[in-house]
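Here is the structure we will look at, set down as structure tokens.
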């Protein structure tokens with residue numbers, strides 16, 4: 079049986095996308111996304127729990143993110159989990175799990191009557207899921223362990 083690696087998130091950007099252009103002018107965007115769940119505990123008290131996810135977008139989706147997204151933007155991201163590993167300067171093995179987005183829908187309300195920009199797999203034409211770049215900066219400071 080084949081496995082399934084699918085992630086769907088709705089949340090707010092924690093900061094403006096960090097967009098870089100790799101060799102061949104290939105755009106890659108990276109940003110933290112906060113998702114918040116609200117529930118009641120046994121005493122009936124409302125509890126909010128926020129999870130932070132690192133999102134990576136490639137090519138056309140990265141360029142859309144650069145142009146239209148900013149800290150606080152509400153977005154729907156669909157993609158897959160990807161875990162990278164590398165060695166830091168001291169030779170310690172580090173890991174980072176990220177959401178590689180295949181689909182992006184902006185959910186912010188627009189005053190001009192449009193319903194947000196949509197991107198999908200067509201924005202990542204020519205990208206093989208095996209083309210994972212080396213770490214963008216040192217992500218170890220963002221890891222909870």
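Residue numbers (the working numbering): 79 to 223. Just so you know, even glycine gets a beta-carbon here, dropped at the ideal spot from N, CA and C.
CB of residue i within 9 Å of CB of residue j, strictly
i           : j           : result
residue 160 : residue 173 : no
residue 87  : residue 154 : yes
Residue i - containing beta strand (DSSP E), residue span
i           : result
residue 145 : Looking at the DSSP string, residue 145 is not in any beta strand (DSSP E); the run it does join, the alpha helix (DSSP H), is 137-146.
residue 163 : 152-165
residue 82  : Residue 82 -> no beta strand (DSSP E), and no H or E assigned at all.
Span separating the alpha-carbon of residue i from that of residue j
i           : j           : result
residue 134 : residue 123 : 35 Å
residue 92  : residue 148 : 9 Å
residue 167 : residue 176 : 22 Å
residue 104 : residue 184 : 22 Å
residue 127 : residue 95  : 23 Å
Secondary structure of residue i, DSSP reduced to three states
i           : result
residue 129 : strand
residue 171 : strand
residue 103 : coil
residue 89  : strand
CB-CB length for residue i against residue j, believed under 8 Å
i           : j           : result
residue 85  : residue 158 : 6 Å
residue 112 : residue 97  : The Cβ separation is near 19 Å, so there is no contact.
residue 152 : residue 186 : 5 Å
Contact with chain D by residue i, beta-carbon distance below 9 Å
i          : result
residue 83 : As a matter of chain content, chain D is missing from the structure shown, which is built from one protein chain.
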